[in-house]
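Student: Quick note: the sequence shown uses our numbering, first residue 530, plus one each step. Backbone N, C-alpha and C fix where the C-beta goes; we use that ideal spot for every residue, glycine too. Structure provided below as structure tokens; questions to follow.
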Amino acid sequence: MAPTMSPYVHAAIAGVSAAGAGISAKLISAPSLPPLDLLPSVLQLPFAVSGIVICNLVLWVNFTVAMQGLRSVVATSLTTVVNFVTAAIAGYGFFGEVFDVNTQGLGTLLIILGVIFLNADSEEEGGRAEEEKEREGDKDKKE
């Protein structure tokens, strides 16, 4: 039996796949970009559209697996962060986009901090709910 991947790995793959779908969509809107210059012009649009479909299928499958093994906020947080970082790197590498630290860097940092904040808040609420369930269970046993 093959070893199974961690749900964290599935969430990361989902994030990379989400970025891949965005890259494929960008290839449709600007087909003169270098990644598509390698293909004949007849194949450029089908290649980009199939990239969107395939990336979204991989995203859906891996995100579903991640959601089964992790709390939803953790899976969503990790997928979002990986998507942002991957999209920024791909934008720079494939499309020559300049990453402006003052605007995009600050915005990305705030989004990542917000995701971490939501994750920490969710863990706290989850812990309280577990404690309440234990107390109710103890009350039921005493009666």
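1. So the candidates are Thr593, Leu639 and Phe623; which of them puts its Cα closest to the Cα of Ala541?
2. For Leu588, report the span of its alpha helix (DSSP H) as first-last.
3. Whole angstroms is fine: what's the gap from Ala550's alpha carbon to Phe646's?
4. If you compare alpha carbons, which of Leu574, Val644, Asp629 and Leu599 is closest to Ala486?
5. Could you tell me whether any non-hydrogen atom of the ligand FAD is closer than 7 Å to the CB of Ala547?
Tutor: For this structure:
1. When only C-alpha atoms are compared, the closest one is Thr593.
2. Looking at the DSSP string, the run of the alpha helix (DSSP H) that includes Leu588 is Ser570 to Gly598.
3. Roughly 27 Å between the two C-alpha positions.
4. Look at the range of the chain in this structure, 530 to 672, and you will see that residue 486 is not part of it.
5. Although the ligand FAD was asked about, the structure shown includes no ligands whatsoever.
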